[in-house]
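Trainee:
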Amino acid sequence: MKEQDVLELPRLPSRNILTTIACGAFFIALLIYGHSLQNDFVLWDDSLLIYQNPTVQGLTLHNIKRAFTTYDPELYIPLTLLSYQIDYTIGELSPFIYHFSNLLLHFLNVLLVTWTAYLLSRGKRWVAFACGLLFLLHPLHTEAVAWASSRKDVLSTAFFFGSLIGYLYAYGRESKSLWIFSITLFAFGLMAKVNVIMLPIVLLLCDVLLGRSLSFRRVTDKLPYFFLALLFGIIALYGKREIIEHMTALSYLLMAGKSTLFYLQKLFLPTGLSVLYPYLDPITIRSPDFWVPPLILIPLFLCAFAIFRWNRIIPFGTAFFLATLLPTFTNFAKGGTLYFASDRYAYIPSFGIFFIVASGIAWLWDDSPLSRGKIIVGACSVVLIILSFFTYRQSMTWRDTEALFNQTLSLYPRSHVAHNNIGKLYAQQGRLGEAMEKYRTSIDLLPSAEGFYNIGLIHTQQGNIDGAITAYRKSIALKPSQPQPHLNLGGLYVKAGRTVEAMAEFRSAAAAEPSFAMPHYNLALLHEEQGNLKEAFEEYKKTIERDPYYLDAYINMANILIDQNYFTEALFLLQKVLEMDPGNAQAKELAREIAGMVRK
Numbered sequence: 091m092k093e094q095d096v097l098e099l100p101r102l103p104s105r106n107i108l109t110t111i112a113c114g115a116f117f118i119a120l121l122i123y124g125h126s127l128q129n130d131f132v133l134w135d136d137s138l139l140i141y142q143n144p145t146v147q148g149l150t151l152h153n154i155k156r157a158f159t160t161y162d163p164e165l166y167i168p169l170t171l172l173s174y175q176i177d178y179t180i181g182e183l184s185p186f187i188y189h190f191s192n193l194l195l196h197f198l199n200v201l202l203v204t205w206t207a208y209l210l211s212r213g214k215r216w217v218a219f220a221c222g223l224l225f226l227l228h229p230l231h232t233e234a235v236a237w238a239s240s241r242k243d244v245l246s247t248a249f250f251f252g253s254l255i256g257y258l259y260a261y262g263r264e265s266k267s268l269w270i271f272s273i274t275l276f277a278f279g280l281m282a283k284v285n286v287i288m289l290p291i292v293l294l295l296c297d298v299l300l301g302r303s304l305s306f307r308r309v310t311d312k313l314p315y316f317f318l319a320l321l322f323g324i325i326a327l328y329g330k331r332e333i334i335e336h337m338t339a340l341s342y343l344l345m346a347g348k349s350t351l352f353y354l355q356k357l358f359l360p361t362g363l364s365v366l367y368p369y370l371d372p373i374t375i376r377s378p379d380f381w382v383p384p385l386i387l388i389p390l391f392l393c394a395f396a397i398f399r400w401n402r403i404i405p406f407g408t409a410f411f412l413a414t415l416l417p418t419f420t421n422f423a424k425g426g427t428l429y430f431a432s433d434r435y436a437y438i439p440s441f442g443i444f445f446i447v448a449s450g451i452a453w454l455w456d457d458s459p460l461s462r463g464k465i466i467v468g469a470c471s472v473v474l475i476i477l478s479f480f481t482y483r484q485s486m487t488w489r490d491t492e493a494l495f496n497q498t499l500s501l502y503p504r505s506h507v508a509h510n511n512i513g514k515l516y517a518q519q520g521r522l523g524e525a526m527e528k529y530r531t532s533i534d535l536l537p538s539a540e541g542f543y544n545i546g547l548i549h550t551q552q553g554n555i556d557g558a559i560t561a562y563r564k565s566i567a568l569k570p571s572q573p574q575p576h577l578n579l580g581g582l583y584v585k586a587g588r589t590v591e592a593m594a595e596f597r598s599a600a601a602a603e604p605s606f607a608m609p610h611y612n613l614a615l616l617h618e619e620q621g622n623l624k625e626a627f628e629e630y631k632k633t634i635e636r637d638p639y640y641l642d643a644y645i646n647m648a649n650i651l652i653d654q655n656y657f658t659e660a661l662f663l664l665q666k667v668l669e670m671d672p673g674n675a676q677a678k679e680l681a682r683e684i685a686g687m688v689r690k
């Protein structure tokens with residue numbers, strides 16, 4: 091292929107054709123995913139990210155600041171949290187608006203993928219069309235679309251392909267403003283989810299595919315992309331430092347091979363999909379799970395790259411797939427359990443494989459006789475219909491928590507997490523006996539801190555204090571760094587009159603999570619009961635330092651100041667409460683009492 095420095099951009103089809111394509115894609119998306127708009131939230135990160143997350147409940151300056159200064163707790167995703175804030179402003183906690191936003195973003199991504207394929211194929215409409223349809227209909231993408239908590243995946247993907255398109259146009263038109271626009275979109279993508287971090291490598295791959303020379307200028311022009319990738323990579327590693335330390339380098343390498351082969355298999359045979367893919371056996375090279383993938387993948391990829399001189403599409407698609415899949419290899423360990431895959435992680439990488447397949451279909455179509463063309467169209471239509479059916483069926487498993495994890499148990503009956511999450515659902519529904527049964531099944535399969543913690547919650551609700559204390563202690567023994575078991579155990583000790591032990595647990599909770607306000611508040615209450623007002627006041631101060639909206643802490647501090655005749659300082663605290671909650675009756679009453687005391 092002749093080397094060239096300036097990209098000759100293909101002309102886009104007419105506005106009527108583009109409108110028809112967009113309307114058709116949206117109609118198909120609604121047909122396949124429309125029923126998922128009625129899905130409920132599920133007990134799989136939806137509570138953590140959405141309906142129990144105060145950061146996303148309202149588009150306020152405080153919430154926006156919090157979104158940009160916190161992790162989720164592992165990922166830095168401020169723009170994703172901002173999108174949830176917008177959803178909350180529109181529909182509060184109605185699941186519909188969150189699912190609809192995901193569907194809109196998936197539709198946008200289909201258009202961007204189609205546009206990208208059109209540019210990279212130098213204007214071959216059938217390549218773009220086939221690539222877009224595969225991206226729209228593939229069952230492996232269901233998780234990214236139907237799961238409200240997967241907003242970060244569909245949102246970051248939109249910025250990823252938007253930045254890629256901007257880059258192609260920037261150099262096609264020699265436009266510095268488009269180059270800056272592309273870099274900005276990349277930064278936005280990184281703030282939605284860091285999985286787009288490999289974009290600078292993808293841009294180099296695009297240069298090679300399109301025959302552009304990899305000159306010094308070509309590399310230096312990508313330095314801003316590499317700088318952003320490095321910066322957000324460091325931020326991401328900080329959030330995942332405990333998880334990354336959980337596995338050895340060899341374990342990562344072995345799991346990466348198994349994971350890569352799994353995604354390739356599911357892209358071509360998308361059956362047996364699940365929200366969880368747990369790996370519960372030892373990671374060892376002696377297992378076929380880990381020595382078979384290299385035997386298949388290494389020759390396959392060597393063949394793909396060996397034909398570079400004659401065909402750049404297959405090496406490009408393969409390299410795109412591998413490069414964009416690479417960041418997901420830091421995510422095998424979650425909550426003490428190993429997972430070899432997650433469907434949503436293939437959302438961006440799948441484009442590389444789809445581009446190869448679509449180009450292959452176009453190659454077969456070119457110059458083919460009418461009879462062969464009909465066979466190709468018929469075969470492609472059958473495949474797309476089958477994919478649509480599988481996607482529709484897979485999206486049905488996301489309708490609620492029970493359906494989702496029962497699907498997992500049908501494929502992976504040893505998944506203790508699936509049993510635990512169904513137990514949490516039963517507990518929410520008041521089915522405590524069934525919940526306890528699920529929790530016990532979970533810890534029988536694999537003792538976990540969360541499993542014992544949930545058993546402690548059931549015992550507490552049933553009034554079995556001794557059973558709850560035992561369960562919380564077992565939870566703490568398995569994972570001392572979790573604050574909530576310490577906090578709950580401390581609360582039980584308070585009820586039992588064991589104040590010294592309660593304070594020790596509250597201190598442990600505060601040490602486990604330094605940003606957690608409630609342990610300090612509970613310590614303040616105990617100090618106040620014991621008459622240690624100075625210590626109580628200091629703990630209340632620590633409470634509001636960690637949560638400036640903890641109104642009870644302000645009021646209790648005001649009470650301490652009133653008892654010591656510091657009326658001006660107390661009134662200042664009460665005014666802060668009324669600024670945040672103008673209708674707070676307790677603050678108003680205390681303010682009136684202060685006014686009366688001052689008049690006397």
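Position one of the sequence shown corresponds to residue 91 (the numbering used here), numbered consecutively onward. We treat Cβ as the ideally placed atom computed from N, Cα and C, and that holds for glycine.
My output table needs one value for residue 459: the three-state DSSP class, helix, strand or coil.
Mentor: If DSSP states are grouped into helix, strand and coil, residue 459 belongs with coil.
Trainee: Per the contact definition of three or more C-beta pairs closer than 8 Å, is the region 465-485 in contact with the region 224-231?
Mentor: The region 224-231 is in contact with the region 465-485.
Trainee: Hey, would you say residue 616 sits closer than 8 Å to residue 593, going by beta carbons?
Mentor: The answer is yes: Cβ separation under 8 Å.
Trainee: According to DSSP, simplified to helix, strand and coil, what is residue 428?
Mentor: Reduced to three states, the DSSP call for residue 428 is strand.
Trainee: Buried or exposed, going by whether 16 or more other CB atoms sit within 10 Å of the CB of residue 381?
Mentor: When all chains shown are included, residue 381 counts as exposed.
Trainee: Where residue 294 and residue 346 are concerned, what is the direct C-alpha to C-alpha distance, given to the nearest angstrom?
Mentor: Near 23 Å, if we compare the C-alpha coordinates of residue 346 and residue 294.
Trainee: Is residue 91 helix, strand or coil by DSSP?
Mentor: Low per-residue confidence applies at residue 91: pLDDT is 36, beneath 50, and the placement is therefore not dependable, though the value from the model is reported in the following sentence. Residue 91 falls in the coil class under three-state DSSP.
Trainee: One question on the structure: do residue 428 and residue 422 come within less than 8 Å of each other, judged by their Cβ atoms?
Mentor: Taking 8 Å as the Cβ cut-off, residue 428 and residue 422 qualify as a contacting pair.
Trainee: By Cβ distance below 7 Å, which residues in the same chain neighbour residue 91 in space, the five residues on each side in sequence not counted?
Mentor: The predicted position of residue 91 is uncertain, since its pLDDT is 36 and thus under 50; a value taken from the coordinates is nonetheless stated next. Within the same chain, residue 91 has close Cβ partners 301, 402.
Trainee: Using three-state DSSP, classify residue 530 as helix, strand or coil.
Mentor: Residue 530: helix per DSSP, three-state reduction.
Trainee: In this structure, how does DSSP classify residue 636 when only helix, strand and coil are distinguished?
Mentor: DSSP places residue 636 in helix when its eight states are reduced to three.
Trainee: Following the continuous alpha helix (DSSP H) through residue 177, name the residue where it begins and the one where it ends.
Mentor: Residues 168-181.
Trainee: Closest to residue 262 by C-alpha separation, out of 238, 378, 297, 603, would be which residue?
Mentor: Residue 262 has its Cα closest to that of 297, out of 238, 378, 297, 603.
Trainee: Is residue 302 helix, strand or coil when you go by DSSP?
Mentor: Strand, per DSSP.
Trainee: Take the Cβ of residue 449 as the centre, count every other Cβ of all protein chains shown within 10 Å, and call the residue buried at 16 or more, exposed below.
Mentor: So residue 449 ends up on the buried side.
Trainee: Measure the beta-carbon distance from residue 562 to residue 575 and round it to whole angstroms, keeping in mind my assumption that it falls under 8 Å.
Mentor: About 5 Å separates the two Cβ atoms, so the contact holds.
Trainee: When you compare the region 250-270 with the region 180-190, are there three or more beta-carbon pairs, one atom per stretch, that lie closer than 8 Å?
Mentor: Because the criterion of three Cβ pairs below 8 Å is not met, the region 250-270 and the region 180-190 do not touch.
Trainee: Between which two residues does the alpha helix (DSSP H) carrying residue 253 extend?
Mentor: Looking at the DSSP string, the run of the alpha helix (DSSP H) that includes residue 253 is 241-262.
Trainee: Going by Cα to Cα distance, which pick from 177, 165, 140, 160 is closest to residue 149?
Mentor: Of 177, 165, 140, 160, the residue nearest in Cα terms is 177.
Trainee: Nearest-angstrom Cα distance between residue 604 and residue 519?
Mentor: Taking the straight line from one Cα to the other gives about 32 Å.
Trainee: Answer yes if the region 160-173 comes into contact with the region 525-532, meaning at least three C-beta pairs across the two stretches below 8 Å, and no otherwise.
Mentor: Output reads no: the region 160-173 does not touch the region 525-532.
Trainee: Evaluate contact between the region 463-472 and the region 232-240, counting only Cβ atoms and requiring at least three cross-stretch pairs below 8 Å.
Mentor: Verdict: no, contact absent.
Trainee: Helix, strand or coil for residue 103, going by three-state DSSP, please let me know.
Mentor: DSSP places residue 103 in coil when its eight states are reduced to three.
Trainee: With three or more C-beta pairs closer than 8 Å as the rule, is the region 141-161 touching the region 490-501?
Mentor: They do not touch, by the three-pair rule.
Trainee: Reducing DSSP to helix, strand and coil, say where residue 423 ends up.
Mentor: Strand, per DSSP.
Trainee: Counting along the chain, where does the alpha helix (DSSP H) carrying residue 212 start and finish?
Mentor: Here residue 212 belongs to no alpha helix (DSSP H), and DSSP marks it neither H nor E.
Trainee: So what does residue 368 bridge to, in DSSP terms?
Mentor: DSSP lists 429 as partners of residue 368.
Trainee: Taking the beta carbon of residue 134 as the centre, do at least 16 other beta carbons fall within 10 Å, making it buried, or is it exposed?
Mentor: By the 10 Å Cβ count, residue 134 comes out buried.
Trainee: For the alpha helix (DSSP H) that residue 590 lies in, which residues bound it at each end?
Mentor: Segment 589-602, the alpha helix (DSSP H) holding residue 590.
Trainee: Quick one: what does DSSP say residue 656 is sitting in, helix, strand or coil?
Mentor: Residue state, collapsed to three classes: coil.
Trainee: When the Cβ atoms of the region 308-319 are set against those of the region 193-203, are three or more pairs found closer than 8 Å?
Mentor: No: the two stretches stay apart, fewer than three of their Cβ pairs being nearer than 8 Å.
Trainee: Tell me which same chain residues have a C-beta within less than 7 Å of the C-beta of residue 195, skipping the five on either side of it?
Mentor: Correct list, in chain order: 244, 245, 248.
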